[in-house]
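See below for the structure under consideration.
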Amino acid sequence: MHVLLDGPAAAPRLTRLDEHGAPSAEPETVAPEGLAERMRAIEVAERPRWVWDDTALRYPAVVAAGVRLARCHDLRLSRAILRRSARTAGTSLAGSPPDGWDREPLPPAAPDAGEALFDLGADALGELPADALDEYARQRAAIAASTAPGALGALLAVESAGALIAVELRRAGLPWDRERHEAVLESMLGPRPAPGRRPRGLERILDELRAITGLRALNPDSPTVLVAQLRSIGVMVGSTNQWELQEIDHPAIAPLLEYKKRARLMTANGWNWLDAWVRGGRFRPDYVPGGVVTGRWATNGGGALQLPAQLRSAARADPGWRLVVADAAQLEPRILAALAGDRAMREAGRGRDLYRGMVDRGVVATREHAKLGMLGAMYGGTTGESARLLPQLARAFPRALALVEHAAREGEQGRVVSTLLGRSSPSPSLEWRALQARAAEPDAADAEVRRARTEARSWGRFTRNFVVQGTAAEWALAWMAAVRRGLRQLPEAAAAGRAPGPFGEQAHLVYFLHDEVIVHVPEEQAEDAALIVREGALEAGRLLFPGEPLDVPVTAAIVEDYGQAK
DNA sequence: TATCTTGGCGCC
DNA sequence: AGGGCGCCAAGATA
């Protein structure tokens, strides 16, 4: 049962669709004030998949009206996947000219839109594009005609579930302790300065730097100026990045690095960030599902996916609530092992730390080596320690290594690679192809041949990583969708005098970071939530690898603040 | 003045 | 000559 939800805010419509996506009854028009009740009733009685053009556009108003949908089909996100997937090559959708369904995600919401974004009547419930039903039928047809209908269907389901979750995450927000955050800033930077002024904590280090170097006008905030100034006193650097400065033996280096570290905290997550992104004790970032070519999420403002470790203690559960901080251990190499059907590698990680397992089997000497080597294999590292470890890994895990090597070769040839569920990499640009073609001519200049090879290898590193990162992203979406489903089945906790959450006293997701989720949960249900998070991982493993389910160990720490996890 | 690019660095 | 990002400030450009 699928239901199309559209119509003007003054008279929203619900249209029942049959299994082919065709309307099976007259649209039902609902009075706006009764819409939430009607939707809730349909959710409970009929388990529909709601179909609409863009979850990010429409769902906020629905959540604001007190309804959380179980499932949806997001036409925009699905189009993006189907359009590019190698599995749908030859379908009419893949061959059709670009149209309005190929558009980009919405522009970023204003940072302080916060609650206002969710006001019903803010035209979020407008008419769907007139051809929404046609598009839905096209997508169904493309899936049916594809070489992997089951996998693609699963992919669109988890992608769409992710879109629902992203909206709910913003609605809920990550509980954020402003005082705690300010205390960290104070300890690193001193009191908040007047706008445009350096805080005292930075001023003090700067004085020290000026004394050491004798440069009265030393300006560490400008990389180009700083390079010139350092060279003027004989510190012959080519840039001012950390790894270059670290190698230099000079008394100014340590305080300079300290200055940069603290300045970074201020510019990225300082008082301005707090003012812009934290309201009413919640950090509300703007997630962008499918915002990365590999299928990972991106963010638009707020930098939710780059919360520095030093500030995690500011993510703190409300009184009477807990955070369940869950992390999928060594997700990407496990995904690779499963993708490649590499028995030995799967065994090395079964039920324990995968890297430790590699050490125990004598593949490498230390856990650090195992990690470094696997990252190098998945990213295409060709130098240093990680490259030296590759032969050992290739001997122990030939199938896993062969899979990433093959993906790299495909990319170097300009071919497309795909994830397990069928998300495909973009084609290289026309410039890239032209360069390769020119370099293949018999009279090509050496420089051009070299440049073409460099570019080919670079694209190969991208496709090499794409299959692993993209399939890991699919696992993470499936995981999160399962966790969401499990949490919704938890009853609301009994009132215990604590402040209610955004969904009453029901546990809910509050954060997502590629292979980590955080659940905000009434304290007496924290153990239940931890169980749901682990069960969700198993469910994701079954969805992606039904033949031989992948078991990714998940750590689930029950804590009061994020800083206590790990 | 507004917009784009770059360097640097935070996360996975 | 290690994949994917976002964000900020400074600097460059229009």
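Once you know that position 324 of the first sequence is 324 in the UniProt record's numbering, the rest is easy, because the numbers rise by one and skip nothing. Positions of the beta carbon are idealized from the N, C-alpha and C atoms, including for glycine.
Counting the other Cβ atoms within 10 Å of the Cβ of Pro522 gives 16 or more, which makes it buried. Annotation: Ile42 to Thr15 spans about 12 Å, alpha carbon to alpha carbon.
Residue state for His73 is assigned as strand, using DSSP reduced to three classes. Counting along the chain, Ala326 sits inside no alpha helix (DSSP H); it lies in the beta strand (DSSP E) bounded by residues Trp321 to Ala328. Contact between Ala478 and Leu543 holds, with the beta-carbon distance rounding to 5 Å and staying under 8 Å. Taking a C-beta distance under 7 Å as the contact criterion, Ala507 and Ala530 do not qualify as a contact pair. The DSSP-derived three-state label of Pro223 is helix. Residue state for Ile518 is assigned as strand, using DSSP reduced to three classes.
Trp50 carries a strand assignment under DSSP once its states are collapsed to helix, strand and coil. Counting along the chain, the unbroken beta strand (DSSP E) around Tyr511 starts and ends at His508 to Phe512. Looking at Val227, Ala309 and Ile233, the one whose alpha-carbon comes closest to that of Gln242 is Val227.
Here Trp277 is not near Pro289, since their CB atoms are 7 Å or more apart. In the three-state reduction of the DSSP assignment, Glu104 falls in the coil class, being assigned neither a helical nor a strand state. Here Arg171 carries a helix assignment [DSSP, helix/strand/coil].
Apart from the 5 residues on each side of it in sequence, Arg409 sits with its Cβ closer than 8 Å to the Cβ of Gly460 in its chain, given in chain order. DSSP lists Leu17 and Arg49 as the bridge partner or partners of His2. Per DSSP, the unbroken alpha helix (DSSP H) holding Glu535 starts and ends at Ala526 to Leu544. Considering only Asp342, Trp52 and Arg262, the residue with the shortest C-alpha distance to Leu189 is Arg262. Between the region 443 to 453 and the region 486 to 494, the count of C-beta pairs closer than 8 Å stays below three; the two stretches do not touch. Counting C-beta pairs closer than 8 Å gives fewer than three between the region 345 to 355 and the region 207 to 220, which falls short of the contact rule. Comparing C-alpha distances from Thr147 to each of Gly422, Arg279 and Pro308 shows the shortest one belongs to Gly422. Taking a contact to require three or more Cβ pairs closer than 8 Å, the region 52 to 72 and the region 20 to 37 qualify as touching.
In the three-state reduction of the DSSP assignment, Glu548 falls in the coil class.
The bridge partners DSSP lists for Asp561 are Arg316. In this structure, the beta-carbon distance from Ala394 to Leu401 falls below 7 Å.
Within the region 353 to 378, the complete alpha helix (DSSP H) segments of 4 residues or longer fall at 354 to 360, listed in chain order.
As the crow flies, the alpha-carbon of Ala45 is around 21 Å from that of Ala22. Here the region 413 to 421 lies against the region 83 to 92, with 3 or more beta-carbon pairs under 8 Å apart. Setting aside the 5 residues that flank it on each side, Arg316 is surrounded in the same chain by Pro175, Asp177, Arg180, Glu560 and Asp561, each with a C-beta closer than 7 Å to its C-beta; the list follows chain order. Around the beta carbon of Leu430, fewer than 16 other beta carbons lie within 10 angstroms, which makes this residue exposed. Within the same chain, Leu106 come within 6 Å of Ala56 by CB-CB distance, once the 5 residues on both sides are set aside. Judged by DSSP secondary structure, Phe503 falls within the beta strand (DSSP E) whose first and last residues are Pro502 to Glu505. For Ser386, the enclosing alpha helix (DSSP H) begins and ends at Gly384 to Ala396. Excluding sequence positions up to five before and after Ile143, its CB lies within less than 8 Å of the CB of Leu82, Thr88, Pro149, Leu152, Gly153 and Leu156, all in the same chain and listed in chain order. The three-state reading of DSSP puts Thr29 in strand, counting E and B together. Excluding sequence positions up to five before and after Ala70, its CB lies within less than 7 Å of the CB of Glu43 and Arg47, all in the same chain and listed in chain order.
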